[in-house]
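Engineer: In this text, residue positions in the sequence shown follow numbering that gives the first Met the number 0: the first is 0, and each later residue adds one.
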Amino acid sequence: MLSSPSVRHPTHDQCMPHPRALVATLAAVAALGSCGPEPLPTPPLVSEGESRPPLGAFHATVLWITDGDTLGARDSGRSAVRVRIIGVDTPETKRPGVGVQCFGREAAAELARLIPPGSIVTAARQHDEVDRYGRDLWDVWLPDGRLLSSILVGGGFGRAAPFAGNDRDAAALEALEASARARGLGLWGSCSTARQHTRNERSSNRSP
């Protein structure tokens, strides 16, 4: 009678992978993991060249929107004031004798979308505290750190409008206007008179 062949079971040492094989396996796993798409970098909330709130900036509550570059607000401990946003000139909607200009309603709607009444914004003054109409002159930043005038100019909702002595962001805003104009954004693509607008129609020593 034939005897059954003996079955040999692997020893513990034989079950363990060879160190070189283990290293090769780990390297392969790491290589597979690196084949996936790399996460895109998060874009900065503040554009290059755009100013940030300086020392002395304060918080304010938006009370109402007048048009694309004017609003009502109140900072802590003060009564309501009319505010003219520094650095941007949007089409008129409520100026007596002017009427509603092309893209004026869109600019006002965009401002209301960005900072609806009740919003808390950061603001700061530059050289002049008020304009010739008695409105406070403010730079305004959204809660996420973006400069409000840069959003309006960059989206084609208004023109860059440096005021004499209040032109800290003039170069950045003019670059944004040039980009919006070239791309036909906002008023630059919708208003027949916008591209005929020349620099000498704006005086740097007044606030529109």
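The beta carbon of each residue, even a glycine, is placed where N, CA and C say it ideally should be.
Grab me the residues of residue 127's own chain with a C-beta within less than 8 Å of its C-beta, minus the 5 sequence neighbours each way, in chain order.
Structural biologist: Closer than 8 Å at Cβ, skipping near neighbours: 136, 162, 164, 165.
Engineer: Suppose you measure from the CA of residue 151 to the CA of residue 158; what does that come to, to the nearest Å?
Structural biologist: For residue 151 and residue 158, the distance between alpha carbons rounds to 8 Å.
Engineer: Hey, which unbroken runs of the beta strand (DSSP E) at 3 residues or more fall wholly within the region 145 to 198?
Structural biologist: Runs found: 158 to 160.
Engineer: What are the residues that DSSP puts in a beta bridge with residue 120?
Structural biologist: Paired residue(s): 59.
Engineer: Between the region 92 to 104 and the region 173 to 180, are three or more C-beta pairs nearer than 8 Å?
Structural biologist: At 8 Å Cβ cutoff, the stretches do not touch.
Engineer: Is the beta carbon of residue 57 closer than 9 Å to that of residue 106?
Structural biologist: For residue 106 and residue 57, no; Cβs fall outside 9 Å.
Engineer: Straight-line CA distance for residue 68 to residue 144?
Structural biologist: If I take the Cα positions, the gap works out to 18 Å.
Engineer: Using a Cβ-Cβ cutoff of less than 7 Å, which residues in the same chain neighbour residue 52 once the five nearest sequence positions on both sides are dropped?
Structural biologist: Same-chain partners within the cutoff: 121, 123, 140.
Engineer: Let me make sure I understand the geometry here. Which of 169, 90, 76, 59 has the alpha-carbon closest to that of residue 65?
Structural biologist: For the residues 169, 90, 76, 59, the minimum Cα distance to residue 65 belongs to 90.
Engineer: Using the Cα positions of residue 84 and residue 138, report the straight-line distance between them to the nearest angstrom.
Structural biologist: Residue 84 and residue 138: Cα-Cα distance of roughly 6 Å.
Engineer: Any idea if residue 59 is buried or exposed, counting beta-carbon neighbours within 10 angstroms, 16 or more meaning buried?
Structural biologist: Label assigned to residue 59: buried.
Engineer: DSSP has residue 72 in a bridge; who is on the other side?
Structural biologist: DSSP lists 61, 80 as partners of residue 72.
Engineer: By a C-beta neighbour count over all protein chains shown, 10 Å radius and 16 as the cutoff for buried, is residue 189 buried or exposed?
Structural biologist: Its Cβ having fewer than 16 others within 10 Å, residue 189 is exposed.
Engineer: Using only the alpha-carbon positions, how far apart do residue 94 and residue 186 sit?
Structural biologist: Cα-Cα distance, rounded: 18 Å.
Engineer: What are the residues that DSSP puts in a beta bridge with residue 86?
Structural biologist: Per DSSP, 160.
Engineer: For residue 74, which of 110, 133, 117 has the nearest alpha-carbon?
Structural biologist: With distances taken between Cα atoms, residue 74 lies closest to 117.
Engineer: Give the C-beta separation of residue 149 and residue 172 to the nearest angstrom, bearing in mind that I take them to be a contact with Cβ-Cβ under 8 Å.
Structural biologist: So it is a contact: roughly 6 Å between Cβ atoms.
Engineer: Which residue comes first and which comes last in the alpha helix (DSSP H) that contains residue 141?
Structural biologist: Where residue 141 is concerned, there is no enclosing alpha helix (DSSP H), given that its DSSP letter is neither H nor E.
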